[in-house]
Amino acid sequence: MASYEFLAASYDELMRDADYARRADFVEKLFLRASKREVRTVLDLACGTGTMTCLLTERGYELISVDGSEDMLMEAREKARDVRGVEPLFLHQSMPRLDLNDTVDAAICCLDSLNYLTSPGDVRRTFERLRLFVSPGGALVFDVHARGKLEAMDAQVYLDEGEDVYCVWRTEFRRDILDYCVDLFTLRSDGAWERETEYHRQRYYSVEDLTRWLRETGFVDVHTYGDCRLRRPDERDGRIYFVARRK
């Protein structure tokens, strides 16, 4: 079963506390600081249900938004219908096989999406593809889970609920791999609850490895920051943000 096949329709309700506007502010600040060119076009890699895409579109950027889940893209396209600005282009592609018709001025990859690439080779291939499609002088911004957050998630049970959805996450972190089982209960029109189960997997990557792979694939001026803060990151942070410039 593909990740987010069932979770996609309830994703936004379950992620209502993600504070996307604050994260969009921070990501925009980072790519404007790092870029050596005017930023008009932005790639939203692993765009999910398109919340970041919509926020940046309304700020005047032209978005190309890519995701590996058709279900998430369906939600994103629906959400973008009433957004003010240039209509985003949505593409169904995996990160390591990114293929655009043109280059972009900046690229973002948010909310630990890169951690879903559990093969280091796929991370390097993703950076190689990004080098092809980010214009020289353009910026790349992404975030990953810090080790402290993943260690704290080991052997935990998390509950999220809304008016017509209830979600149970059970997690295990071993040898840099986070496995989590998601039981999703949704309320049907007849008043009964329907249960679906998905399995997700992420991998921890160190700052040192990611920095080296970025440099090896043609990115320079690599900097890291804490979770939405312009300060040095700490492995106890929830997320670590990276910003780099295409050579």
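In this note's numbering, the protein residues as written are 888 to 1134. Quick reminder that beta carbons are idealized off the backbone N, C-alpha and C, glycines included. This one's a predicted model, so the numbers in the text were calculated from it and none came from an experiment.
State the DSSP-derived secondary structure class of residue i, mapped to helix, strand or coil.
i: residue 1054; result: strand
i: residue 921; result: helix
i: residue 904; result: coil
i: residue 956; result: coil
i: residue 977; result: strand
i: residue 989; result: coil
i: residue 915; result: helix
i: residue 998; result: coil
i: residue 964; result: helix
i: residue 909; result: helix
i: residue 1027; result: strand
i: residue 984; result: helix
i: residue 891; result: coil
i: residue 948; result: coil
i: residue 896; result: helix
For the alpha helix (DSSP H) that contains residue i, what are its first and last residues?
i: residue 1013; result: 1007 to 1020
i: residue 1039; result: 1034 to 1039
i: residue 945; result: 938 to 945
Assuming residue i and residue j are in contact, meaning their beta carbons sit under 8 Å apart, how far apart are those beta carbons, in whole angstroms?
i: residue 917; j: residue 1020; result: That pair is no contact at about 19 Å.
i: residue 935; j: residue 898; result: 7 Å
i: residue 1124; j: residue 1035; result: 7 Å
i: residue 1053; j: residue 1072; result: 4 Å
Mind checking residue i: buried by the 16 CB within 10 Å criterion, or exposed?
i: residue 1007; result: exposed
i: residue 1004; result: buried
i: residue 1134; result: exposed
i: residue 1091; result: buried
i: residue 999; result: buried
i: residue 1043; result: exposed
i: residue 979; result: exposed
i: residue 1127; result: buried
i: residue 915; result: buried
i: residue 975; result: buried
i: residue 910; result: buried
i: residue 1084; result: exposed
i: residue 1120; result: buried
i: residue 962; result: buried
i: residue 1096; result: exposed
i: residue 1117; result: exposed
i: residue 1076; result: exposed
Could you spell out the range, first to last residue, of the beta strand (DSSP E) harbouring residue i?
i: residue 1046; result: 1044 to 1048
i: residue 1069; result: 1064 to 1074
i: residue 932; result: 928 to 932
Legend entry - Ordered list of alpha helix (DSSP H) runs contained in the stretch 1090 to 1130, each at least 4 residues: 1094 to 1103
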